[in-house]
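A short worksheet on the structure shown next.
Chains as they are written, first to last, in the working numbering: chain A, 1 to 110; chain B, 1001 to 1113.
Structure follows, in structure tokens:
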């Protein structure tokens, strides 16, 4: 079945440093979504990418969808302590269900 | 929060007992999902529903059943709880179409002892 792999599993940065998490699917995706989950909280939708090669920005966050629609990345510029949490990517498989990556847990040292 | 309420928020139950978790939404959304979240596994889909009495299995459906007799309620039942079902359970909805942006409830932390 479809696999969605996410790396790294953990990332610890100093405040102000950049952060990137990568997502790779074993199959082509019709779309890819990114979520953020704060410690003790629930996942919160950030963005959905649909088009091959698409790039979207939200303030300090940049999201990319690969040309082959099998990989994606989330880049945060100049991290802040409010960026702490786990970032998940997710994509639909052929069986009409979403497959989530295992997430990248980001910690930020002030 | 898209009007999603999960109940209970926390539950401890004994092995072998049935447990029902409730997801309630106030905005008549068609698409609803139950996920479980475990360390190292992200979120895994248990069951989903595309409307009243229209449900289907997800990736990890063994040991779980669901019912949706009303648009606003999606119930998840653990028929005979096992320790491997200790997890955090999230209900989610999609607003426009299946497998598009999802909005999650607050979660239910279930411990099976």
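All C-beta atoms, glycine included, are put in the ideal place defined by N, C-alpha and C.
Contact set between residue i and chain A, taken where Cβ atoms lie within less than 7 angstroms
i                       : result
residue 1106 of chain B : 42
residue 1118 of chain B : Only positions 1001 to 1113 of chain B appear in this structure, which leaves residue 1118 of chain B out of reach.
Selected residue, minimal CA-CA separation from residue i, among the options
i                       : options                        : result
residue 5 of chain A    : A/108, A/110, A/104            : A/104
residue 75 of chain A   : A/46, A/102, A/92              : A/46
residue 1005 of chain B : B/1015, B/1034, B/1013         : B/1034
residue 22 of chain A   : A/40, A/57, A/14, A/102        : A/102
residue 1013 of chain B : B/1084, B/1048, B/1039         : B/1084
residue 1032 of chain B : B/1086, B/1055, B/1015, B/1038 : B/1055
residue 52 of chain A   : A/40, A/15, A/31, A/60         : A/31
Residues that residue i contacts on chain A, provided the C-beta gap is smaller than 8 angstroms
i                       : result
residue 1103 of chain B : 45
residue 1090 of chain B : 42, 43
Per-residue contacts from residue i into chain B (C-beta, under 9 angstroms)
i                     : result
residue 97 of chain A : 1033, 1045, 1048, 1056, 1057, 1058, 1059, 1098, 1099
residue 88 of chain A : 1042, 1043
residue 48 of chain A : 1100, 1101
residue 80 of chain A : Within 9 angstroms Cβ-Cβ: nothing; residue 80 of chain A doesn't reach chain B, min ~23 angstroms.
Same chain, Cβ closer than 8 angstroms to residue i, neighbours up to 5 away in sequence not counted
i                       : result
residue 1028 of chain B : 1071, 1072
Close Cβ partners of residue i (< 6 angstroms) along its chain, the five nearest in sequence each way excluded
i                       : result
residue 71 of chain A   : 24
residue 38 of chain A   : 85
residue 1020 of chain B : 1075, 1077
residue 1060 of chain B : 1044, 1046
residue 1026 of chain B : 1003
residue 55 of chain A   : 64
residue 1104 of chain B : 1090, 1092
Under 8 angstroms from the C-beta of residue i: neighbouring residues of chain B
i                     : result
residue 33 of chain A : 1100, 1101, 1102
Listed by chain order, chain B residues near residue i by CB distance under 7 angstroms
i                     : result
residue 92 of chain A : 1099
Restricting to runs no shorter than 4 residues, where is the alpha helix (DSSP H) found entirely within the stretch 23-80 of chain A?
Listed in chain order, there is nothing to give.
Given 8 angstroms as the limit, is there contact between the stretch 1035-1044 of chain B and the stretch 62-82 of chain A, that is, 3 or more CB pairs closer than that?
The stretch 1035-1044 of chain B is not in contact with the stretch 62-82 of chain A.
Jot down the residue ranges of each uninterrupted beta strand (DSSP E) in the stretch 1029-1103 of chain B, minimum 3 residues, whole runs only, in chain order.
Runs of the beta strand (DSSP E) lying entirely within the stretch 1029-1103 of chain B, each at least 3 residues long, are 1031-1038, 1042-1051, 1054-1057, 1064-1070, 1073-1078, 1087-1094 in chain order.
Is the stretch 1087-1104 of chain B touching the stretch 1056-1068 of chain B, taking contact as three or more C-beta pairs under 8 angstroms?
Counting Cβ pairs under 8 angstroms, fewer than three are found: no touch.
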